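Engineer: Heads up: the sequence shown at position 37 corresponds to 37 in my numbering, and the numbers run straight through without jumps.
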Amino acid sequence: MTTFLTVLVGLSMFATLGVMLAGMVGLARNETAGGARSNKLMRWRVSLQGLTLVLFLLLLMARG
C-alpha cells in the first residue's frame with residue numbers, strides 16, 4: 001500500500017510541476033489572449049497541489 005501511495009505522490013508532484021512549467025511558458029511568451037488558459041492552468045495547479053497534499057497525508061498515516 002505504501003509503495004502505491006508513494007508512486008501516486010510522485011506522479012502528482014510531476015503533474016503539478018508540468019502544469020506550472022506550462023503556465024510559465026505561457027507567461028514567457030507573453031500571450032495576450034491567454035488569460036482564460038492561464039486561469040485554467042492555475043486551477044489545475046491548485047487542484048493538483050491539493051491532491052498531492054492529501055496523498056502525502058495518506059502516505060504518512062499508512063506508514064504510521
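Using N, Cα and C, we set each Cβ at its ideal position, and we do this for glycine too.
Everything numeric in this text was worked out from a predicted model, so none of it was measured.
#1: Taking the straight line between their C-alpha atoms, what separation do you get for L21 and L27?
#2: Between which two residues does the alpha helix (DSSP H) carrying N39 extend?
#3: Nearest to R37 by alpha carbon, out of A15, V19 and L48?
#4: At the level of alpha carbons, what is the spacing between G35 and G64?
Structural biologist: On the basis of the coordinates in this document:
#1: Between the C-alpha atoms of L21 and L27 there is a straight-line separation of about 10 Å.
#2: Taken as a continuous stretch (DSSP letters only), the alpha helix (DSSP H) holding N39 covers G35 to R63.
#3: Of the listed residues, the one whose Cα sits closest to R37 is V19.
#4: Approximately 44 Å, taken between the alpha carbons.
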